[in-house]
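To convert, note that position 326 of the sequence shown is 326 in full-length UniProt numbering; the numbers rise steadily by one, no gaps. Don't be surprised by glycine CBs; every beta carbon is placed ideally from N, CA and C.
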Amino acid sequence: MNQASSSNGRGRDNGFQVVPSYDDDDALLDDHSSVDSHPSISPGSSGDLVEESTSRLRNNTTGNDNTNSSPDATTDDLLPPPPIEWHPAVLALGSVVKKLTTPVLRIVFAPKAQRTMIKSAIIMVVFVWILLTSITAYLTFYQQYVPRTVHNEPIFFQYGHVNQRTLVEPKGVIDLTGGYKTAPLRHEQAYDVFVRLHVPTSDINFDLGNFMVKAELLSQDSVVVAQSSRPAILRYQSHAQRILHVLAKALPLLVGFTEESQIIMVPLIEGYVEHKTKPVVQAAVTISSPTLQIYDAQLSVRADFRGLRYYMYHRRIPTAITFIVIFMLIELLCATVAWKSFGQKFWYKIHDLFEEAALEQQSYQQQLAAREQQSQPQQPQQPQQHHQHDLGSNTPLSSSDEKTSGLSGDQS
1 MNQASSSNGR GRDNGFQVVP SYDDDDALLD DHSSVDSHPS ISPGSSGDLV
51 EESTSRLRNN TTGNDNTNSS PDATTDDLLP PPPIEWHPAV LALGSVVKKL
101 TTPVLRIVFA PKAQRTMIKS AIIMVVFVWI LLTSITAYLT FYQQYVPRTV
151 HNEPIFFQYG HVNQRTLVEP KGVIDLTGGY KTAPLRHEQA YDVFVRLHVP
201 TSDINFDLGN FMVKAELLSQ DSVVVAQSSR PAILRYQSHA QRILHVLAKA
251 LPLLVGFTEE SQIIMVPLIE GYVEHKTKPV VQAAVTISSP TLQIYDAQLS
301 VRADFRGLRY YMYHRRIPTA ITFIVIFMLI ELLCATVAWK SFGQKFWYKI
351 HDLFEEAALE QQSYQQQLAA REQQSQPQQP QQPQQHHQHD LGSNTPLSSS
401 DEKTSGLSGD QS
């Protein structure tokens with residue numbers, strides 16, 4: 001009986017084998033090797049060994065669970081924060097804005113609306129371009145058609161020698177070109193010529209009375225083209241009036257803000273029309289009395305605008321608007337005629353060329369894609385193989401499996 005029991009015990013011990021799980025470490029392998037190295041163990045010790053190995057497996061499993069749970073904890077720490085919870089009023093306002101803007105955005109971003117917007121943008125660009133060119137054309141026309149309004153040049157009278165001042169009339173020659181070679185006056189344009197004299201209100205000038213002022217317009221060959229002589233006189237002031245005038249302006253006179261003087265405007269030539277063959281380049285002004293006291297003198301040649309030039313100068317804004325609109329209509333008419341004549345056909349040709357190029361590019365890309373698909377080898381799909389792990393090699397034994405293995409060992 002003892003031999004039979006010992007033989008049964010040996011059979012149990014030899015048939016029992018503790019198999020570690022797939023994730024056990026080398027320590028369990030060492031324990032397993034130690035268990036296998038003792039072929040003869042009593043049944044009680046074998047039960048203890050099974051319980052000890054089971055407890056070790058559980059401890060290792062819990063340890064692995066703890067180690068596996070640590071990365072999850074770190075990943076939880078790295079997760080983004082939860083979304084912000086908006087106030088219900090803000091959400092309601094956002095929904096209202098969305099409801100209001102959605103139809104508008106659908107209309108704006110629709111293909112038909114986009115085409116309309118592109119056409120409108122092109123029309124606006126063309127309109128702005130035509131407007132700018134019309135304004136530039138009118139400004140150029142204004143500068144070329146409307147001449148300079150006033151030519152003001154100072155007069156420096158020459159009195160001659162001191163002993164001959166009572167015999168020689170003061171005369172001044174003015175260069176109207178201003179150093180340029182072009183003629184200062186515009187042909188077929190009427191001009192008025194004035195002489196401005198700034199004289200003191202002295203007793204000598206008042207006692208002088210009338211004096212003559214003569215103006216001559218000279219061509220480039222010093223030929224007199226036009227001339228005129230007009231009388232001039234200071235405005236009369238009595239002795240008492242002059243005293244009261246001085247008393248009224250005593251303080252400004254003392255400070256130097258004003259002075260006792262008069263300005264005499266003498267119109268000499270009216271309606272002079274410039275001739276293109278004989279342009280005026282100089283003017284000569286002569287005063288009959290050398291005793292006239294003069295502060296300074298100036299020659300003024302003013303343009304007398306008539307007809308269209310009058311409206312362009314004195315009614316600038318309405319005339320400018322009218323001409324700009326006319327220029328725009330002319331440009332639009334020319335652009336329409338040019339588009340109907342050859343622009344539309346040229347545009348269609350360019351459009352067809354672009355479409356052909358796009359189709360060729362698309363077909364070329366399709367050919368390249370087909371060649372790439374043909375060049376790539378077809379890899380057969382490998383079915384997924386389900387590997388079943390042996391209980392003795394990878395899967396740890398549960399308590400029921402241990403009991404079953406023990407019973408099978410007893411039966412053997």
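Residues that residue i bridges to, as DSSP identifies them
i	result
residue 300	152, 194
residue 213	230, 287
residue 200	261
residue 282	175, 218
residue 266	195
residue 187	274
residue 158	171
Which listed residue (the options) has its alpha carbon closest to that of residue i
i	options	result
residue 414	213, 156, 259, 244	The structure shown does not extend to residue 414, since the chain spans only 1 to 412, so no value can be given for it.
residue 272	251, 194, 375	194
residue 159	152, 285, 275, 348	285
residue 274	323, 213, 226	226
residue 171	181, 156, 91	156
residue 299	190, 133, 104, 198	198
residue 187	276, 122, 235, 322	276
residue 324	116, 130, 89	130
residue 283	208, 185, 109, 90	185
residue 278	153, 221, 108, 126	221
residue 180	82, 281, 121	281
residue 239	254, 253, 214, 207	207
residue 296	308, 265, 353	265
Extent of the continuous alpha helix (DSSP H) run through residue i
i	result
residue 94	88–108
residue 241	239–248
Under the three-state DSSP convention, the category residue i falls into
i	result
residue 435	As displayed, the chain neither begins before 1 nor continues past 412, which places residue 435 out of reach and without an answer.
residue 272	strand
residue 144	helix
residue 114	helix
residue 223	coil
residue 64	The pLDDT assigned to residue 64 is 49, lower than 50, so where the model puts this residue is not dependable, and the model offers no usable value.
residue 305	coil
residue 138	helix
residue 133	helix
residue 123	helix
residue 82	coil
3 or more residues per run - each beta strand (DSSP E) lying fully within the region 317–374: Entirely contained in the region 317–374, not one beta strand (DSSP E) run reaches 3 residues.
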